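Reviewing the structure listed below.
In the working numbering, the protein residues as written are 123 to 203.
Put into structure tokens, the structure is as follows:
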């Protein structure tokens, strides 16, 4: 409303058009996820070598989320020059 009150009609129209396009894009993703039938059935992972890196990545992400100061201390100690 502030854009229209400021007489910036072009910006308001561009904002409205981009909002409608993005809404259709994201609503389509939700439709495909919940309402469409799957095209290919899901097969379980049989390669167990991938589980180690996934578990390590999850542990690192959770620890950095719970203790961000730890990551901040490590990054602040890095000197390039």
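Heads up, the beta-carbon is just placed ideally off N, CA and C, and yes, glycines get one too.
Owing to the predicted nature of the structure, the values given are computational and were not obtained by experimental measurement.
Discussion item. Suppose you measure from the CA of residue 192 to the CA of residue 185; what does that come to, to the nearest Å?
Written reply: 9 Å
Fill in: Straight-line gap, residue 177 to residue 188 (C-alpha atoms, nearest Å)
Rounded to the nearest angstrom, the two C-alpha atoms are 16 Å apart.
Practice prompt. Compare the beta carbon distance of residue 133 and residue 125 with 8 Å and say whether it is the shorter of the two.
Written response: yes
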